[in-house]
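K.L.:
Protein chains in written order, with our numbering: chain V, 5 to 427; chain X, 5 to 427.
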């Protein structure tokens, strides 16, 4: 197929149009075929066993094929002194489209997953309000709800890249703390209206019902904007690992602030200075001053295929594909380079292109069998452009590993092995 | 709350604006509180057990709360002479938003679910093509893919309404053969291009690898339009119950034609007249002539809450919500009536409003404690309006139960019980 004339749009093999891939096997001269499928086509096709006997019927809750076991979250080392703490990462290199199935949405827990009976759970709104209120789960189900597709990304995602190393990193191990779902819930503003926010309230302190009492502070302007108390994820009740029976959802902002197992919203004059906004999720600079409250996640993208630990078998045409997102808007453009950033071509955006949601991009690439460095660079609807790693390191060093949204470089070797590199 | 002046937009309590619902419980005068949550708010809040001890940590594949067991598909009677046959229905009254989780997507099988090893599965394209081709799963993963959110609806969905009865029907039992997901796959046109469609080819015959060899015919114009060979559903590989490793996906058309476990695409001059397009999925009229090949699903909607077998406890404000869809375009309008169709008000459309996809609508309603009949009526982007049951019965009688998209009526009794009725 590489003999055809392909229109090049950037260096090292990026091409513009859809080309015939010619992957289908043609007949191999066998005159006899034992299947109607192959009749008169020269294709020999044995009827497989699974087509010969009826299988099991419908079920109440579906399960996956045993052949897709590799499509799973990766769980990091469990620290025995930190029970229930840790994270699991979405298998980005195995996923397609933009929606993450609930069972594969990344997790980050600070004291494990509480087993909450919704009948015993309350959401309290108190502090600087006219009237403190407590809502039961049943109460909340009666409120008007809104739905939006949003990404959620841990502030620590991709942090490993700032530290260096990770030559064996994969899309999942380096970047798997990002996922995307259709979230449905009650606008927080609706509930705050009922409690009556006093004029002196400037912050909202949100606390979860986990054993860590994980808490975060949110400026009142955001709390009254697009924040929701999410009860459903991709249509069904949120899973325990995502905050059942309810979580805060703060679109576009670092994941930690979307407090799971939400049980308290307290209106305050100042930020509460919770542990997770002082010792954690703040960024210490080389001069030892720190950025605090870096809320919106950066404009970012990532090639998920080809990506780390994959290998290309033969020279020829490959579909480069990946995901892009921004905490400040929608994705307006994704460029791809096959020569380590020397030249760039616009990728196509496929499917949903929504505000603060994962966006899928794709571009065909003819690998000539030689070395290549694949990169992607996102631009969002506000004109923010994804920076290189060098820019981020120059700005703030590598003491903190949070809030890294630098360009990922995947090297393809002569033998087709794909590895994480720094260029 | 019913003392407030509410702006009425149609008869029997449909109201226009968001109103304070006042469901949160206020303090009950207990001076002492054993939780920081309730401090100074008068709210007594016992710290629950699940907040006192760390829970389990992250996992490779998430699971649901044991308190959401009711949110499951319903499986119909299994006929022992029809092994693996039957259906399961999505729990529409428990779902929110527009996406159906993969494990809750409805199923309809004709010989159960084959346990397919993708390494042994082939997709053959033959018949009126320049070159018959066989594609492996690995081959197909290399092709450029597209993603779209689409509903899928069984032609037999809601058929029970034409027969009458079903006073105890629920949204799930009557209408649960519709679901919605983000589907990702290869445009069928891409693969047909590679095989080279001959000019005399007018139809495509698609056959599955199940033991029923379920087959359907598709006109070539549709096959070259938006049909895909779907490999992923909501991001992950399609589940076995949905066709793993691959299914045809024919947007907007009756579900049966989106052949699961797809193993053959044969280009032909005429429709193949498979069993499932002659004895089944065709509509016999009172004069015993039949409609064949009713492909696009009708413009349709359904109130999912309140709906059959729910009960309203007290007079007051409720959020009416439901789903709407059309096989011919997007949903442009949903109207709701609380007086059995005498007066109508426009519902709000919430979230995604996509072509051939479920669309969520909502409108507040003040139930005065008296009898009511709730209905919804969808209009699509082509101007098609959802008909009443009487119109459908007058047009084609009730011999066939397929392709029913009539307006659903839910009666609310004085005691707040909701039942399926015919008005």
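Backbone N, C-alpha and C fix where the C-beta goes; we use that ideal spot for every residue, glycine too. As the structure is a prediction and not an experimental result, all values here were calculated from the model.
Do residue 403 of chain X and residue 288 of chain X have their beta-carbon atoms positioned less than 7 Å apart in this structure?
P.N.:
Yes, these two residues count as a Cβ contact at 7 Å.
K.L.:
Which residue marks the beginning of the beta strand (DSSP E) containing residue 194 of chain X, and which one marks its end?
P.N.:
Taken as a continuous stretch (DSSP letters only), residue 194 of chain X belongs to no beta strand (DSSP E), being part of the alpha helix (DSSP H) at 192-199.
K.L.:
By how many angstroms is the C-alpha of residue 263 of chain V removed from the C-alpha of residue 51 of chain X?
P.N.:
One C-alpha to the other measures close to 18 Å.
K.L.:
Kindly indicate which three-state DSSP category residue 226 of chain V falls into: helix, strand or coil?
P.N.:
If DSSP states are grouped into helix, strand and coil, residue 226 of chain V belongs with the helices.
K.L.:
So, residue 312 of chain V versus residue 424 of chain V, is the Cβ gap smaller than 7 Å?
P.N.:
Result yes, Cβ atoms of residue 312 of chain V and residue 424 of chain V sit closer than 7 Å.
K.L.:
Quick check: is any heavy atom of the ligand PLP less than 6 Å from the C-beta of residue 268 of chain X?
P.N.:
As for the ligand PLP, it is missing from this structure, which has no ligand bound.
K.L.:
Taking DSSP as the reference, what is the three-state secondary structure of residue 258 of chain X?
P.N.:
Residue 258 of chain X falls in the coil class under three-state DSSP.
K.L.:
Would a C-beta distance cut-off of 7 Å place residue 297 of chain X and residue 338 of chain X closer than the cut-off?
P.N.:
In this structure, residue 338 of chain X does not lie closer than 7 Å to residue 297 of chain X by Cβ.
K.L.:
Shortest alpha-carbon distance to residue 177 of chain X belongs to which of X/412, X/419, X/418 and X/421?
P.N.:
For residue 177 of chain X, the nearest C-alpha among the options comes from X/412.
K.L.:
DSSP three-state call for residue 54 of chain V: helix, strand or coil?
P.N.:
Residue 54 of chain V falls in the helix class under three-state DSSP.
K.L.:
Following the continuous beta strand (DSSP E) through residue 164 of chain V, name the residue where it begins and the one where it ends.
P.N.:
Looking at the DSSP string, residue 164 of chain V is not in any beta strand (DSSP E); the run it does join, the alpha helix (DSSP H), is 164-167.
K.L.:
Using a Cβ cut-off of 9 Å, pull out every chain X residue sitting near residue 104 of chain V, in sequence order please.
P.N.:
Within 9 Å Cβ-Cβ: 238, 239 and 240.
K.L.:
With three or more C-beta pairs closer than 8 Å as the rule, is the region 222-240 of chain X touching the region 99-107 of chain V?
P.N.:
Yes, they touch.
K.L.:
Given a cut-off of 7 Å on the beta-carbon distance, is the pair residue 269 of chain X and residue 208 of chain X in contact?
P.N.:
Result yes, Cβ atoms of residue 269 of chain X and residue 208 of chain X sit closer than 7 Å.
K.L.:
Could you tell me whether the Cβ of residue 190 of chain V comes closer than 7 Å to any Cβ of chain X?
P.N.:
Residue 190 of chain V does not count as touching chain X.
K.L.:
In the DSSP assignment, find the beta strand (DSSP E) that holds residue 340 of chain X and state where it starts and stops.
P.N.:
Counting along the chain, the beta strand (DSSP E) containing residue 340 of chain X begins and ends at 335-341.
K.L.:
Going by the DSSP bridge assignment, what does residue 154 of chain X pair with across the sheet?
P.N.:
Bridge partners of residue 154 of chain X: X/185.
K.L.:
Measuring only between beta-carbons, confirm whether residue 243 of chain V sits less than 7 Å from chain X.
P.N.:
Closer than 7 Å to some Cβ of chain X, the Cβ of residue 243 of chain V qualifies, so yes.
K.L.:
Looking at the strands, I want to know which residues DSSP matches up with residue 384 of chain X.
P.N.:
Looking at the DSSP assignment, residue 384 of chain X forms a beta bridge with X/335.
K.L.:
Do the region 216-231 of chain X and the region 68-83 of chain V meet, that is, are 3 or more Cβ pairs less than 8 Å apart?
P.N.:
No: fewer than three Cβ pairs fall under 8 Å.
K.L.:
How is residue 375 of chain V classed by DSSP in three states: helix, strand or coil?
P.N.:
It is coil, neither helix nor strand.
K.L.:
Would you verify that the beta carbon of residue 119 of chain X is, or is not, closer than 7 Å to some beta carbon of chain V?
P.N.:
So, interface residue.
K.L.:
Got a sec: is the Cβ-Cβ distance from residue 72 of chain V to anything in chain X below 7 Å?
P.N.:
It does: the Cβ of residue 72 of chain V has a partner Cβ on chain X nearer than 7 Å.
K.L.:
State the Cα-Cα distance for the pair residue 33 of chain V and residue 137 of chain X, rounded to the nearest angstrom.
P.N.:
At residue 33 of chain V, the pLDDT of 34 sits below 50, so the modelled position is not reliable; the number obtained from the coordinates is stated separately. Using only the alpha carbons, I get a separation of about 13 Å.
K.L.:
Excluding the 5 residues preceding and the 5 following residue 277 of chain V in the sequence, name in chain order all residues of the same chain whose CB lies nearer than 6 Å to its CB.
P.N.:
Excluding positions up to five away in sequence, the list is empty.
K.L.:
What does DSSP give as the partner residue(s) for residue 29 of chain X in the beta ladder?
P.N.:
DSSP lists V/138 as partners of residue 29 of chain X.
K.L.:
Of all Cβ atoms in chain V, is any one closer than 7 Å to the Cβ of residue 354 of chain X?
P.N.:
Yes, because at least one Cβ of chain V sits closer than 7 Å to the Cβ of residue 354 of chain X.
K.L.:
Go ahead and pull the three-state DSSP assignment for residue 281 of chain V.
P.N.:
Three-state DSSP puts residue 281 of chain V in a helix.
K.L.:
With DSSP as the reference, identify every bridge partner of residue 70 of chain V, one or two as the case may be.
P.N.:
Residue 70 of chain V is not bridged to any residue.
K.L.:
Which term fits residue 283 of chain X, buried or exposed, when burial requires 16 or more other beta carbons within 10 angstroms of its beta carbon?
P.N.:
By the 10 Å Cβ count, residue 283 of chain X comes out exposed.
K.L.:
Taking C-beta to C-beta, are residue 258 of chain V and residue 321 of chain V nearer than 7 Å?
P.N.:
Contact flag unset, no.
K.L.:
Residues of chain V with CB under 8 Å from residue 109 of chain X, in chain order?
P.N.:
Ordered by position in chain V, the residues that pass the 8 Å Cβ test against residue 109 of chain X are 66.
K.L.:
How is residue 97 of chain V classed by DSSP in three states: helix, strand or coil?
P.N.:
Three-state result, residue 97 of chain V: helix.
K.L.:
Could you give the DSSP three-state label for residue 177 of chain V: helix, strand or coil?
P.N.:
Note: residue 177 of chain V maps to helix in three-state DSSP.
K.L.:
Would you say residue 58 of chain V lies against chain X (beta-carbon separation less than 7 Å)?
P.N.:
With 7 Å as the cut-off, residue 58 of chain V counts as an interface residue toward chain X.
K.L.:
Could you check what DSSP says for residue 206 of chain X in three-state terms: helix, strand or coil?
P.N.:
Correct three-state label for residue 206 of chain X: coil.
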